[in-house]
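These notes are about the structure you will find just below.
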């Protein structure tokens, strides 16, 4: 029973899977250039980065399928069962990427196998994040759901922070060229250890009182979701667009952008990103706490609306000649994206009925993250190269902010006529 499990262990169990999932995904994004050279034929540098981010996008496109799969497990067999399986499904492919020979050894089989492993990881991520936030928010007091949901998301932030910090340490510590030759594999090996820790933490976890209330329909949760809750699916997907674009451009793709557009060395670019990721933690907690007081929708409307106005000026600063300008521009995006992700977990859990909560949130969120977020680094790389406009990612963030703002403003009453967990949304 969950009553015998300490709150600290519950928090750690909910967050550790996200730490592993996003550490692994972040490491791939940060070392996209080296991976492109290892697994794809000789071609110009931009083409290799495009190829590497293309495989990155394929992994993300598996998220909706993974969301349906693990959502079904979570709604039928329980949240803790889904969480245990998702950690295992990430740890093994991660390690295998770290030992997979490159194009010079396997030829065409190398990028094919890399793509298959990324697809397996995408399946896992599709269920991990959404199930973990449900796992924690269902156990939280109503007046603390925002902060508790942010803790689940901070597992993801911490994972990406760890991935960025690992990359920075390797760039600083290893001889020139060593990271590109073989050092980029080290973070993938480390991921296996994090996976083992996650399996240990999640052993014996029971269901929350809210989760135990779920009623098992004769029809699969996926069918019930599409039949009776399709408006919620569309609403959650629209709300998630800003996070899908904003996060993966500003905290994954940005490392490559700083190198290609600003000419910043890899070690310095990773250091800037690592500091920004660290600042996401207080930003998320602070604005999640604010959402517990004034409402989550109000905070989400504020950050998405502000992004439409501020994205271009912030990108202009990041393209400036002085390091402090780059840092200030990135910090601006920390506040916007951090405020968004601090409020989103509890917002989604409170919106969906318990019987289909894992399935509906996993699908609504992952459709946006998989189809839009996964393609964002690829689209940004292509746009910058095609238009010769380094501010193209800023325009993408402005458009995404406008979409989510309008969905929050206009779609709320129609999509959520009956609140699943009435609170501060």
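In the working numbering, the protein residues as written are 732 to 1156.
Heads up, the beta-carbon is just placed ideally off N, CA and C, and yes, glycines get one too.
With the cut-off set at 8 Å, would you say residue i and residue j are in Cβ contact?
i, j, result
"residue 890", "residue 1116", "no"
"residue 932", "residue 743", "yes"
"residue 766", "residue 988", "no"
"residue 1089", "residue 805", "yes"
"residue 998", "residue 986", "no"
"residue 1099", "residue 983", "no"
"residue 845", "residue 828", "yes"
"residue 923", "residue 825", "yes"
"residue 877", "residue 1020", "yes"
"residue 885", "residue 1053", "no"
"residue 1157", "residue 761", "Nothing can be reported for residue 1157, as the shown portion of the chain is limited to 732 through 1156."
"residue 1126", "residue 974", "no"
"residue 1095", "residue 967", "yes"
"residue 1004", "residue 859", "no"
"residue 790", "residue 866", "no"
"residue 870", "residue 741", "yes"
Ordered along the chain, which non-local residues of its own chain (more than five positions away) have a Cβ less than 6 Å from that of residue i?
i, result
"residue 880", "864, 868, 1076 and 1077"
"residue 822", "923 and 926"
"residue 1114", "1123"
For residue i, which residues of its own chain have a beta-carbon under 7 Å away from its beta-carbon, when the five flanking residues on both sides are left out?
i, result
"residue 1128", "976, 977, 980, 1038 and 1042"
"residue 803", "951, 952, 953 and 1090"
"residue 930", "815, 818 and 819"
"residue 796", "854 and 857"
"residue 1070", "1014, 1018, 1030 and 1034"
"residue 1002", "899"
"residue 1143", "1028"
"residue 928", "747"
On the criterion of 16 or more Cβ atoms from any shown chain inside 10 Å, does residue i qualify as buried, or is it exposed?
i, result
"residue 906", "exposed"
"residue 840", "exposed"
"residue 926", "buried"
"residue 843", "exposed"
"residue 918", "buried"
"residue 794", "buried"
"residue 902", "buried"
"residue 1025", "exposed"
"residue 873", "exposed"
"residue 1140", "exposed"
May I ask which residues mark the beginning and end of the alpha helix (DSSP H) holding residue i?
i, result
"residue 959", "952–959"
"residue 1114", "1107–1118"
"residue 1047", "1027–1049"
"residue 845", "840–868"
"residue 913", "Run containing residue 913: none; DSSP gives neither H nor E here."
"residue 795", "794–807"
"residue 836", "834–837"
Tell me which same chain residues have a C-beta within less than 8 Å of the C-beta of residue i, skipping the five on either side of it?
i, result
"residue 1062", "1007 and 1010"
Compare the C-beta of residue i with all C-beta atoms of chain C and state if any pair is closer than 8 Å.
i, result
"residue 1046", "Absent from the structure: chain C. Only one protein chain is present."
Going by alpha carbons, who is nearest to residue i out of the options?
i, options, result
"residue 965", "1137, 990, 1105 and 851", "1137"
"residue 1119", "992, 1066 and 1139", "992"
"residue 799", "1103, 1132 and 1093", "1093"
"residue 1104", "1131, 1084 and 908", "1131"
"residue 849", "757, 895 and 913", "757"
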